[in-house]
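Colleague: Per our numbering, residue 1 is the first one in the sequence shown, and the count goes up by one each step.
Using N, Cα and C, we set each Cβ at its ideal position, and we do this for glycine too.
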Amino acid sequence: LSAVWAQERNIADPAVLAELLQEQHLDASRLAQAATAPVQTAYEQYTDQALALGVFGAPAYVFNGELFWGQDRLAFLEQRLQSS
């Protein structure tokens, strides 16, 4: 997040993303794998599924059809998990 908000780096640029991965000692070649058709198809399917469940932002969690949106809702999700 520092790259976006503090350094104002353009994370929409694949070259910038590759630089960020390399800076964290991660394999930047995996970025190209994520752009393949099967990965993009899965992404679209998961997006459609999330929208059908009412997800409108991140982070979002759905448990037994109930949507918990936002980091501040984790305590409510935890209560629901414990009571089921």
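(1) State the start and end residues of the unbroken beta strand (DSSP E) segment that holds Phe63.
(2) I need the DSSP call for Phe56, collapsed to helix, strand or coil.
(3) Does the separation of the CB atoms of Gln45 and Val39 fall below 8 Å?
(4) Leaving aside the five residues before and after Asp27 along the sequence, list all residues of the same chain whose C-beta is less than 8 Å from its C-beta, in chain order.
(5) Please report how far the alpha carbon of Thr47 lies from the alpha carbon of Gln82, in whole angstroms.
(6) Assign Leu81 to one of three DSSP states: helix, strand, or coil.
Modeller: The relevant details are as follows:
(1) Ala60 to Phe63
(2) Secondary structure of Phe56 (DSSP, three-state): coil.
(3) no
(4) Leu21
(5) 28 Å
(6) helix
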